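Following our numbering, the numbering of the sequence shown begins with -5 at its first residue and continues without gaps. Beta carbons: idealized from backbone N, C-alpha and C, even for Gly. All of these numbers come straight from a predicted model, not from anything done at the bench. See structure below.
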Amino acid sequence: MPLPTRPGLSDTVAERSTDACLLTAAVTRLRRALRASIRTDYPWEQLPMAQVELLQVLAEQSPARVSELAAGQRLAPSTVSGLIGQMMTSGLVARAVDPADRRASVVTLTDAGRAQLQAWTQAHERRLEAALDGLDEDEQAAIRTALPALFRLAEHLDDTAG
-5 MPLPTRPGLS DTVAERSTDA CLLTAAVTRL RRALRASIRT DYPWEQLPMA
45 QVELLQVLAE QSPARVSELA AGQRLAPSTV SGLIGQMMTS GLVARAVDPA
95 DRRASVVTLT DAGRAQLQAW TQAHERRLEA ALDGLDEDEQ AAIRTALPAL
145 FRLAEHLDDT AG
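See the structure below:
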């Protein structure tokens, strides 16, 4: 099904209207728009995206070793270690000895980190709810219908990335 011409849809994307091309364009545009609009409710400087992503991972699997976090995020261990150091200074995470291997350390999410992540998530939800309210009922229903497939797509990307 061809997409109608939309403002901001580049000629290149419109010409190459494969599902993958259109989905890439849509996700990229959504991320950029959300990052820009979120600054209204949540100052960007408070929590850079790289830290948000680590907090999200730690919220799902904490404690974790730096090497596990680096592998999961596809970043260099030194990059993750630097981010963890910044986050420790801010009180968002804590480092402790790994009980399974006393030679290694693990990183855990602190209550402050959990609260910061929750505030960031809620700010995003408010921005998205406002944007969704601007769509008609059919568009809202289409997005609701697509959500399970989008989650499965993300799982497939996670499974094939490693």
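Item, Value
"Taking DSSP as the reference, what is the three-state secondary structure of A44?", "helix"
"Within the continuous beta strand (DSSP E) that includes L103, where are the two ends?", "D95 to L103"
"Given a threshold of 16 other Cβ atoms within 10 Å of its Cβ, counted over all protein chains shown, does A58 qualify as buried or as exposed?", "buried"
"Between the C-alpha atoms of G107 and Q50, what's the straight-line distance to the nearest angstrom?", "10 Å"
"Kindly confirm or deny that the segment 86 to 100 and the segment 55 to 70 touch, where touching means at least three C-beta pairs closer than 8 Å.", "yes"
"On the three-state DSSP scale, how would you describe D132?", "helix"
"To the nearest angstrom, how far is it from the Cα of L126 to the Cα of M43?", "23 Å"
"Quick check on the burial criterion: 16 or more other C-beta atoms within 10 angstroms. Buried or exposed for T22?", "exposed"
"Do you know how far the Cα of H150 is from the Cα of A70?", "23 Å"
"Is the distance from the Cβ of A117 to the Cβ of T104 below 7 Å?", "no"
"Tell me which residues share the same chain as V46 and place their Cβ nearer than 8 Å to its Cβ, disregarding the 5 neighbours each side in the sequence.", "L111 and W114"
"Near D152, which residues of its chain fall below 6 Å by C-beta distance, leaving aside the five closest residues on each side in sequence?", "none"
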